[in-house]
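With mature numbering (1 follows the signal peptide of the UniProt record, and there is no 0) as the guide, the letters of the sequence shown map in order to residues -31 to -1, 1 to 476.
Note that CB positions come from ideal geometry on N, CA and C, so glycine has one too.
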Amino acid sequence: MRISARIARRFGVSATAALSLVLTGAAPALAEDAPPDTTAPVIASTGLTDGQTVLRQTVMHPVVTDDVAVTYVIVRLGTGATSFRCTIDASQGISCPLTIPVAYNGTDLDVTVRAFDKAGNRTELATRVHVVAVALSGTLTPKAGTAMRSGPMTATLSDISTETTKIEMTDGPTGAVLSTLTAAPWTFTWNATATAAAPCFRLSEPAGNSTTYCSNYVVSDETPVIESVWAFYQYGDDRFGRMAGSSRLDEGTGWIGTDASISAHATDKAGIDHTELWVDGALRGSTTASSPYFDWHDATRGKTFANLEVRVTNRVGLTAIKAFRLNIDNVGPTVQITPRSGTMLRGDHINVTTTVTDQHRIVLPRSTGFSSQWQPARLSYNEYLPVHGDGPVNLSLPVYDEFGNPGWASNWVTVDNTKATIGFAKAPKNKAKVKGTVKVTAAAYDKYGVARVQLLVNGKVIATDTTAAYKFSINTKKYGKKLNVRLRVYDRAGNVTTTSARTWYRR
């Protein structure tokens, strides 16, 4: 406000008006206000001259300038759809490698260079040239990529294009010429060594067209390296998905279970040809797969170990062998669950105790709630299983040891929270007068079975019967003038039901 006041005094206006002058002053020009770029690039040269002879493999170097920058350059052949994108380098200029289709061989062809700048302006320039496009071909034996031992070898090219007048063997794709032939047979001798560059073969014809075949031969005198051997196990599925594990076998202390997949990891410069698994001197399996797996199954009781060999042969016939003793555990864990099968229970939950024993670690379903599925043996733990309603309940647990051997326990228990019914089937009525020995018969029922029926006189149990039809005798002389009689029933789950009392009077 001090600045506004000084401005106001200078111009003779109010401070508010002075502040308005400051805020509404002319803004500086922005970059967006610059005039648009409408100038197209300039092509000084396509890099070719009219009437020039061009070969099938040609590299053009157009000369293109722009007042801002050239961003994109392509070359189009004739009026067709064949086009090539050029590379733009600040120091090397523009380079456009072409591979002209042999269909244009012997024709005059317009080669058009089209250039673009950042604003989208474009220009183009065409040069008519004469095309000599010959594609030379042949078949190399041994084929490219063949693996071999060191030493002199013979490479032959056959089915050569008739236009070919010279073939050169070079030291790699860009190395020196090692040998030149100008007529068949096109057979070369190469001294194969592990350190030498694999030879390439350049086919040429009089006009200058050429085709190069690189052999990419692999030379090795080394055996494969077997880095490790592993066993992989499946522990079945739980509600969270598949459970799996692994163990290393080749360190002399390895263990394996009844069933597994055995895998060997090996490396070799020449490439792996095949892998074999030998068990106790017998071939168990052979595979050419790049990631070899062998099925393992041995449930022989009492067998505690086996002698294994993994043999890996490379593409030049050299074999590496890794032999080791393998311990076998083909016995699953022992599982005990309480309550035992047949137990009758009551309440809203079941207290379940599970005990698992094994000589190795055990693997539990993730649903058990442990932070890790892998637990040491012996393991004992409690669970509280909520129940809803009456009926049978299965208490089961599938477990494995760490080598995939299964263990299992399954107990069926019955939950009964419904009380049994009890009543007097035969007995004196309430307030009856009795004397001597009185007979009482009870009527009791429970869906899952009656455990026992008791007769109570004056609050004390005087008799118990566990066999239907639950008959009792009362010697009334043992009691006073007044008897209060009740019946009580227990079902097998422990639920209790008691009748109302009948009062009898002794005569």
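Gly316 Cβ short of 7 Å to the ligand GDP heavy atom set: Questions concerning the ligand GDP fall outside what the structure shown contains, since it holds no ligand whatsoever.
Span of the beta strand (DSSP E), counted from its first residue to its last, around Phe441: 440 to 444
Reference Pro175; option with closest CA among Ala470, Asp77, Ala258, Thr131: Thr131
Expected contact under 8 Å - CB spacing of Tyr202 and Thr115 to nearest Å: In fact, because the Cβ distance is near 39 Å, the residues do not count as touching under 8 Å.
Ser365, buried or exposed, once every other Cβ within 10 Å from all chains shown has been counted against 16: exposed
Opposing strand residues paired with Pro355 [DSSP bridges]: His318
For Ala68, the three-state DSSP class (helix, strand or coil): Checking the sequence, you will find Thr at residue 68 rather than Ala. Reduced to three states, the DSSP call for Thr68 is strand.
Bridge-paired residues (DSSP) for Arg118: Partner(s): none; Arg118 has no beta bridge.
Buried or exposed by the 16-neighbour rule on C-beta atoms within 10 Å, applied to Pro361: exposed
Cβ contact check for the region 421 to 428 and the region 372 to 383: 3 or more pairs under 8 Å: no
8 Å Cβ cutoff met for Lys440 and Thr410: yes
Sub-8 Å separation of Ala413 and Val458 beta-carbons: yes
Per DSSP, the bridge partner or partners of Gln61: According to DSSP, which records beta bridges pairwise, Gln61 is partnered with nothing at all.
Buried or exposed (CB count within 10 angstroms, at least 16 for buried), Tyr182: buried
Reduced DSSP secondary structure (H/G/I, E/B, other) of Tyr73: helix
Among Val465, Asp370, Thr156, the one whose alpha carbon lies nearest that of Thr303: Asp370
Check whether residue 560 and Pro261 have beta carbons under 8 Å apart: What is shown of the chain runs -31 to 476, which leaves residue 560 out entirely.
Thr8 - DSSP class collapsed to helix/strand/coil: coil
Of the residues Lys404, Ile391, Gly286, the one placed nearest Met117, counting alpha carbons only: Gly286
Cβ contact (3+ pairs, closer than 8 Å) linking the region 290 to 307 and the region 221 to 236: yes
Close beta carbons around Tyr474, own chain, < 8 Å, minus the five adjacent residues each side: Lys400, Ala401, Lys402, Val403, Lys450, Lys451, Leu452
Bounding residues of the beta strand (DSSP E) (the contiguous stretch that carries His30): Unbroken run through His30: none, as it is neither H nor E.
Distance CB(Thr322)-CB(Asn276) smaller than 8 Å: no
Exposed unless 16 or more other CB atoms sit within 10 angstroms - verdict on Lys395: exposed
Inter-stretch contact at 8 Å, needing at least 3 Cβ pairs: the region 30 to 48 / the region 80 to 89: yes
6 Å CB neighbourhood of Thr312 in its chain, flanking five on each side removed: Val382
Backbone secondary structure at Arg25 - three-state DSSP: coil
Which of helix, strand or coil DSSP assigns to Arg475: strand
Beta-carbon proximity check, Leu147 vs Thr139, cutoff 8 Å: yes
8 Å contact criterion, which Val33 and Pro10 should meet: CB distance rounded: 5 Å
Inter-residue spacing [alpha-carbon to alpha-carbon] between Gly107 and Ala213: 52 Å
Cβ neighbour criterion (16 or more within 10 Å) applied to Tyr73: buried
According to DSSP, residues forming a beta bridge with Ser215: Phe201
Contacts around Val28, its chain only, beta-carbon distance under 8 Å, and the 5 residues preceding and following it disregarded: Ser64, Cys65, Pro66, Leu67
Exposure of Gly316, with buried meaning 16 or more beta-carbon neighbours within 10 Å: exposed
Collapsed DSSP secondary structure at Thr387 in the structure displayed: coil
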